[in-house]
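K.L.:
Numbering (my numbering), first residue to last: 52 to 289.
1. For residue 182, which residues of its own chain have a beta-carbon under 6 Å away from its beta-carbon, when the five flanking residues on both sides are left out?
2. I need the straight-line Cα distance from residue 95 to residue 111, nearest angstrom please.
3. Tell whether a beta-carbon distance below 7 Å holds between residue 238 and residue 253.
4. Start and end of the alpha helix (DSSP H) containing residue 234?
5. How about residue 119 and residue 152: do their beta carbons lie closer than 7 Å?
6. Assuming residue 266 is part of the alpha helix (DSSP H), what are its boundary residues?
7. Report buried or exposed for residue 191, applying the criterion of at least 16 other Cβ atoms within 10 angstroms of its Cβ.
8. What's the gap between the Cα of residue 127 and the Cα of residue 223?
9. Specify the secondary structure class of residue 128 as computed by DSSP and reduced to three states.
10. Taking its Cβ as the centre, do 16 or more other Cβ atoms sit within 10 Å of residue 131, making it buried, or is it exposed?
11. Am I right that residue 79 and residue 109 are in contact with their C-beta atoms under 8 Å? What's the rounded C-beta distance?
12. For residue 172 and residue 289, I'd like the C-alpha separation in whole angstroms.
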């Protein structure tokens with residue numbers, strides 16, 4: 052392939068096609084290096100817990116990113132399998148990156164919060180530290196969440212996360228990004244996300260609805276205690 056690049060793409064009018072071939076060569080070289088490193092690696096707990104179904108050679112760019120997110124999420128940028136290094140070396144749209152990160156991490160039962168996903172936005176992305184549920188609601192995170200909302204269909208994200216068995220507290224963070232209270236409530240009830248339902252009723256100052264919904268929440272659970280505390284402290288409209 053390198054010979055073909057050198058011999059057949061010298062015409063300046065083929066510069067775009069030459070770049071495509073060059074990018075594919077770079078991807079193949081990275082894939083071969085990743086496969087060589089991973090095929091006998093006995094130290095990576097992800098490779099042990101989730102055995103590879105096949106090697107990564109000659110797979111698509113997005114499949115390679117998915118693989119790297121699964122197996123090398125915490126790798127330093129100097130590691131050949133680093134998803135950040137792959138992000139910087141090739142061209143992706145923000146939506147491609149975010150969907151692939153979500154799905155790749157969900158495959159190994161880690162569900163990134165908006166604060167994590169936001170660090171991948173932009174032309175090259177910067178891998179942030181693991182986010183917290185609290186930071187997703189902080190004022191510093193508002194720009195991040197608006198970027199996520201502009202890039203991904205949040206309802207579909209909630210469906211995808213739920214299908215991968217994401218916990219309710221993670222679903223609640225994403226449901227809270229939806230502007231429509233009606234849609235929030237519908238999704239929260241559908242996925243039995245008590246925290247999100249409570250937050251909608253508090254935002255709407257609907258005491259009657261919250262009291263009725265408390266019958267669906269296990270007594271003594273954190274969600275029940277949150278609802279009970281809200282009943283005593285929030286200024287309700289009814």
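No residue lacks a Cβ here, since even glycine has one placed at the ideal position from N, Cα and C.
P.N.:
Taking the geometry as given:
1. The predicted model places residue 182 with a pLDDT of 40, which falls under 50 and marks its position as unreliable; any figure quoted below should be read in that light. The residues 164, 166, 167, in chain order, have a CB closer than 6 Å to that of residue 182 in the same chain once the five nearest residues on each side in sequence are set aside.
2. Residue 95 and residue 111: Cα-Cα distance of roughly 23 Å.
3. Going by C-beta atoms, residue 238 is not nearer than 7 Å to residue 253.
4. First-last of the alpha helix (DSSP H) with residue 234: 232 to 241.
5. No; because the gap between Cβ atoms is not below 7 Å, this pair is not in contact.
6. Premise fails: residue 266 is in no alpha helix (DSSP H) and is neither H nor E.
7. With a pLDDT of 43 at residue 191, under the threshold of 50, the modelled position of that residue is not reliable, and no figure is offered here.
8. Near 31 Å, if we compare the C-alpha coordinates of residue 223 and residue 127.
9. Correct three-state label for residue 128: coil.
10. So residue 131 counts as buried.
11. At roughly 7 Å, the Cβ-Cβ gap stays under 8 Å, so residue 79 and residue 109 are in contact.
12. Roughly 42 Å between the two C-alpha positions.
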